[in-house]
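Visitor: Residue numbers (full-length UniProt numbering): 1 to 603.
Cβ coordinates follow ideal geometry from the N, Cα and C atoms, glycine included.
This is the structure, below, for whatever I ask next.
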Amino acid sequence: MRLATITNWAYGATVLLTIVSGTTMLLSSSAQEHERVAVERRFALDRATERLAEDVYRLTDRARQYLNTGDATYQVLYTREAADTDKLEERLRRIAEAGATPAELAVLREGLRWADSLRDEQKEALAAQADGNTSRARQILFGAEYERELDRAITMVERFQEQLDQRTEIEIAEATRISRIWRTTSEVMLAITAFLFLCVLYFVFKRRVLRPVVRLSDVVNRLAAQDYGVEPPTYEDVDEIGDMAQAIRVFRENGIERQRLEAVQEAERASRALLARMTQRMQGCDTLDALTDVVQRFVPEIVPGFAGRLYVLDPDSNRLEETGNWLDPQHSGPAFSTLDCWALRRGLPHRPAGETIDVPCAHLDLDGADALPDTLCLPLIAQRQTLGLIYFESRKARGEQRFPENYLQMLSENIGLALSNLRLRERLQAMALTDSLTGLSNRRNFEEELPLTLAKAERDASALSFLMLDIDHFKRINDGFGHEAGDTVLRAVGTALRQSMREDTRIFRYGGEEFLVMLPGADSAQAMERAEDLRARIGSLEILHHGEALGPVTVSVGLASTPDHCPAAKLVRTADAALYRAKDLGRNRVEAAQPRKDERRAG
């Protein structure tokens, strides 16, 4: 057989094998395309359903906040956000268009029905609140049935997402299997071609086929091992080798895109989970230190690589005071005036070194900096009230690291809401424990502190004294000048007592015209000295009511000390008995308690 015939046959066989190899590579690429489409569809469905659980929780929180605070702002927010929430059929239609199956839609429809049922209960609770039936409203929104329906709605959404995950995993596994089959077939074809190149007319195919096949085979093997960093060779010739190289490039690009989508999806899930966990922890904080600790632990994980500080506004000084920081920020100090920050001036995020030129804040320390650092100030605002600031600065050079603005905005909103709730809780607690007329601690506060004070005195074996004060002839003032004059006297006495307070003294309005002074560490002699001082101070008051002098105001004082007069548990009763003795002996005097007879014999 002539060499030309052998060459022609070899060339023909080579062309045929190359076409088959290219076809299988294209089929493999097509299978990878199906895999990528499945991943993108899952991502689209995630995007289409990610608001469902958030809507359920947000509307519940708005309605509950309105009931808890009575602030009409929350009702407005609830009405606006409820109006923005899509109807059941519209949401199902969008999710069906995104690729959900009828079985999955049936699960989601059940969850959305529960969500709509919750909205009906929310509207019923708000209507009950508007009618003044607060107990009924709270029973609806905070009742066990509502919580069960809320759990059912969230469970159905999560079950829908689990079905999506299972279906996506099956589709990806099938696409991967088909891709592996075609890839294996392609590698076999390439191997046969390579064998033919080596065995038949080696000198003809060495430069045209052998070298490209060897290079493409190496690329395919590395791609099969998911090493997408390999660069496929480029061939300008329009032949089978060029088609194979193009198929390999498509295969590699699809693999890179799939890895990127998976990484983005995983990062999104992790960040959302961290943000949700942080929000839950912040809502459970009852002190600013606890809230700061939560922020310092979670923020570096949600936005890694960004140093920052958390500032809280001090309304008395109109200054921002740092409560915590992370990753050692360099360019902002621990305290500054609100006028030093453009974010607080405008009520908007401020980034002076971003994509557009802007003015740097005065609180930034730019000494020694070669260029303007990339920083971001986010005001913490809730209910139109500025509560603080969260400050970030990039740890890398400008342009190397981008601020994740969506997460930072959610962070600032959640932290601002948590600060607002904490302030509201503190105000409510102060109102519950403070007498509104005199500004002193009320009897409820006293009853909470009494067991702790008695336990401490017994544990440390230290002295403890109580002074029980009563305004003399207070009924005569009320009868002669009116109850408004009586309130004026109570305020004046409360102010005098408050001005005489020392660090170790606690003063309470015990009830009516009675006051109680708690003196930890004071024995009977020291307590007598303090009692006489208070009696004299109040006796020297000049109290006017509508320009008319109310006359001298005096107090009677009963004194009891432990262990001098009685056990710690009987201090209040003993001081009260001493007070009655002071009144019986003529008022405007201090009387110390006398030990009971049985206590004297026991001594």
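So, with DSSP's three-state summary, where would you put Met501?
Guide: As a position in the sequence shown, residue 501 is number 501, starting the count at 1. DSSP places Met501 in coil when its eight states are reduced to three.
Visitor: Quick one: what does DSSP say Ser332 is sitting in, helix, strand or coil?
Guide: What you label residue 332 is simply residue 332 of the sequence shown in a count that begins at 1. Strand, per DSSP.
Visitor: Hey, would you say Gln139 sits closer than 9 angstroms to Tyr78, going by beta carbons?
Guide: Position 139 of the sequence shown holds residue 139. Position 78 of the sequence shown holds residue 78. Not closer than 9 angstroms, so no.
Visitor: Give a yes or no on whether the C-beta atoms belonging to Val39 and Ile172 are separated by under 9 angstroms.
Guide: Sequence index remark: in the sequence shown, residue 39 carries index 39 (1-based). Sequence index remark: in the sequence shown, residue 172 carries index 172 (1-based). The answer is yes: Cβ separation under 9 angstroms.
Visitor: I need the DSSP call for Glu571, collapsed to helix, strand or coil.
Guide: Looking up residue 571 in the sequence shown gives position 571. It should be pointed out that residue 571 corresponds to Leu in this sequence rather than to Glu. Three-state result, Leu571: helix.
Visitor: Who are the near neighbours of Trp9 in its chain, counting only those whose CB is closer than 7 angstroms to its CB and skipping five residues on each side?
Guide: For the purposes of this step, residue 9 is taken as residue 9 along the sequence shown, with counting starting at 1. Excluding sequence neighbours, Trp9 sits near nothing in its chain.
Visitor: Whose CA, out of Leu327, Thr338, Thr323, lies closest to the CA of Asp316?
Guide: Numbered from its first residue, the sequence shown carries residue 316 at position 316. Looking at the Cα atoms, Thr338 is the closest of the given residues.
Visitor: Name the DSSP beta bridge partners of Pro379, please?
Guide: By one-based count along the sequence shown, residue 379 stands at place 379. Pro379 pairs with Leu389.
Visitor: Buried or exposed: which applies to Arg346, given that a residue is buried once 16 or more other Cβ atoms fall within 10 Å of its Cβ?
Guide: On the sequence shown, position 346 is the one that residue 346 refers to. Under this definition Arg346 is an exposed residue.
Visitor: Answer with buried or exposed for Val312, where buried requires no fewer than 16 other C-beta atoms within 10 angstroms of its C-beta.
Guide: As a working mapping, residue 312 is identified with position 312 in the sequence shown. It counts as buried.
Visitor: For Pro563, which of Ser462, Gly143, Gln409, Leu17 has the nearest alpha-carbon?
Guide: Translated into positions along the sequence shown, residue 563 becomes position 563. Closest option to Pro563, Cα to Cα, is Ser462.
Visitor: For Leu440, collect the residues of the same chain with a Cβ closer than 8 angstroms to its Cβ; drop the 5 residues on either side in sequence, then sort them by chain order.
Guide: Translated into the one-based positions of the sequence shown, residue 440 becomes position 440. The answer, listed in chain order, is Thr434, Gly494, Leu497, Arg498, Ile507, Phe508, Arg509, Phe515.
Visitor: Please return the same chain residues whose Cβ sits closer than 7 angstroms to the Cβ of Glu599, not counting the five positions on each side in sequence.
Guide: Along the sequence shown, read from residue 1 onward, the residue named residue 599 stands at position 599. Note on Glu599: pLDDT 47, under 50, position unreliable in the model; the coordinate value appears next. Correct list, in chain order: Cys566.
Visitor: Whole angstroms is fine: what's the gap from Tyr66's alpha carbon to Gln296's?
Guide: Taking the sequence shown and counting its residues from 1, one reaches residue 66 at position 66. Taking the sequence shown and counting its residues from 1, one reaches residue 296 at position 296. C-alpha separation (whole angstroms): 30 angstroms.
Visitor: In terms of alpha-carbon separation, which member of Glu513, Asn68, Lys475, Arg535 lies closest to Thr438?
Guide: Translated into positions along the sequence shown, residue 438 becomes position 438. Here the closest residue by C-alpha is Glu513.
Visitor: For Leu544, count neighbouring Cβ atoms within 10 angstroms of its own Cβ and tell me buried if that reaches 16, exposed if not.
Guide: Taking the sequence shown and counting its residues from 1, the one referred to as residue 544 is at position 544. Counting Cβ neighbours within 10 Å, Leu544 comes out exposed, since fewer than 16 surround it.
Visitor: Where Arg444 and Glu426 are concerned, what is the direct C-alpha to C-alpha distance, given to the nearest angstrom?
Guide: Along the sequence shown, read from residue 1 onward, the residue named residue 444 stands at position 444. Along the sequence shown, read from residue 1 onward, the residue named residue 426 stands at position 426. Approximately 16 angstroms between the Cα atoms of the pair.
Visitor: Exposed or buried, Ala175, counting other C-beta atoms within 10 Å across all chains shown (16 or more means buried)?
Guide: Within the sequence shown, numbered from 1, the residue matching residue 175 stands at position 175. So Ala175 ends up on the buried side.
Visitor: For the region 528 to 573, which segments carrying the beta strand (DSSP E) assignment without a break, of at least 3 residues, lie completely within its bounds, in sequence order?
Guide: If we require 3 residues or more, the beta strand (DSSP E) runs fully inside the region 528 to 573 come out as 555 to 562.
Visitor: Under DSSP, the alpha helix (DSSP H) around Thr323 begins and ends at which residues?
Guide: Walking along the sequence shown from the start, residue 323 turns up at place 323. First-last for Thr323: 319 to 326, but that is the beta strand (DSSP E), not the alpha helix (DSSP H).
Visitor: Report the partner residues of Arg309 according to the DSSP bridge assignment.
Guide: Here residue 309 is taken as the residue at index 309 of the sequence shown, counted from 1. DSSP output for Arg309 lists Asn325, Tyr391 as bridge partner(s).
Visitor: If the criterion is Cβ atoms closer than 9 angstroms, does the pair Leu376 and Tyr391 meet it?
Guide: Sequence index remark: in the sequence shown, residue 376 carries index 376 (1-based). Sequence index remark: in the sequence shown, residue 391 carries index 391 (1-based). Closer than 9 angstroms, so yes.
Visitor: Between the alpha carbons of His331 and Gly324, how many angstroms are there, rounded?
Guide: As a first step, residue 331 must be located in the sequence shown, where it is residue number 331. As a first step, residue 324 must be located in the sequence shown, where it is residue number 324. Rounded to the nearest angstrom, the two C-alpha atoms are 15 angstroms apart.
Visitor: Starting from Ser217, follow the beta strand (DSSP E) in both directions and report where the run begins and ends.
Guide: Within the sequence shown, the letter at position 217 stands for residue 217. Segment 211 to 224 is the alpha helix (DSSP H) holding Ser217; no beta strand (DSSP E) there.
Visitor: Under the DSSP definition of a beta bridge, which residues are partnered with Met468?
Guide: Residue mapping note: residue 468 aligns to position 468 of the sequence shown, counting from 1. Per DSSP, Leu516, Gly558.
Visitor: Determine whether the beta carbon atoms of Asp116 and Glu81 lie at a separation below 9 angstroms.
Guide: The sequence position of residue 116 within the sequence shown is 116, counting from 1. The sequence position of residue 81 within the sequence shown is 81, counting from 1. Contact flag unset, no.
Visitor: With Ile507 as the anchor, note down where its alpha helix (DSSP H) starts and where it stops.
Guide: Locating residue 507 in the sequence shown gives position 507, where the first residue counts as 1. No alpha helix (DSSP H) contains Ile507, which is instead part of the beta strand (DSSP E) from 506 to 511.
Visitor: Say whether the region 480 to 494 touches the region 517 to 537, bearing in mind that this needs 3 or more beta-carbon pairs closer than 8 angstroms, one atom from each stretch.
Guide: Contact fails: fewer than three Cβ-Cβ distances are below 8 angstroms.
Visitor: Can you tell me which of Ala343, Ser420, Asn406 puts its alpha carbon nearest to the alpha carbon of Leu389?
Guide: Residue numbering aside, residue 389 sits at position 389 when the sequence shown is read from its first letter. If we check each option's Cα against that of Leu389, Ala343 comes out closest.
Visitor: Ala592 lies in the beta strand (DSSP E); which residues open and close that run?
Guide: Indexing the sequence shown from 1 puts residue 592 at position 592. 590 to 592 is the span of the beta strand (DSSP E), which, as asked, contains Ala592.
Visitor: Do you know how far the Cα of Ser217 is from the Cα of Glu253?
Guide: Numbered from 1 along the sequence shown, position 253 holds the residue referred to as residue 253. Numbered from 1 along the sequence shown, position 217 holds the residue referred to as residue 217. Computed Cα separation, rounded: 17 angstroms.
Visitor: Taking the straight line between their C-alpha atoms, what separation do you get for Asp365 and Gly333?
Guide: Against the sequence shown, residue 365 aligns to sequence position 365. Against the sequence shown, residue 333 aligns to sequence position 333. So the alpha carbons of these two residues sit roughly 7 angstroms apart.
Visitor: Kindly list the residues whose CB is nearer than 8 angstroms to the CB of Thr279, restricted to its own chain and excluding five residues on each side of it in sequence; keep chain order.
Guide: Working through the sequence shown from its first residue, we reach residue 279 at position 279. If we look at Thr279 and ignore the five residues flanking it on each side, its Cβ neighbours are Asn414, Ala418.
Visitor: Can you tell me which of the three DSSP states His350 falls into?
Guide: The count along the sequence shown starts at 1 and reaches residue 350 at position 350. The answer is strand: DSSP assigns His350 an E or B state.
Visitor: List the endpoints of the continuous alpha helix (DSSP H) containing Thr101.
Guide: Residue mapping note: residue 101 aligns to position 101 of the sequence shown, counting from 1. Run containing Thr101: none; DSSP gives neither H nor E here.
Visitor: For the alpha helix (DSSP H) containing Glu458, name the first residue and the last one.
Guide: The residue you call residue 458 lines up with position 458 of the sequence shown. Counting along the chain, the alpha helix (DSSP H) containing Glu458 begins and ends at 443 to 460.
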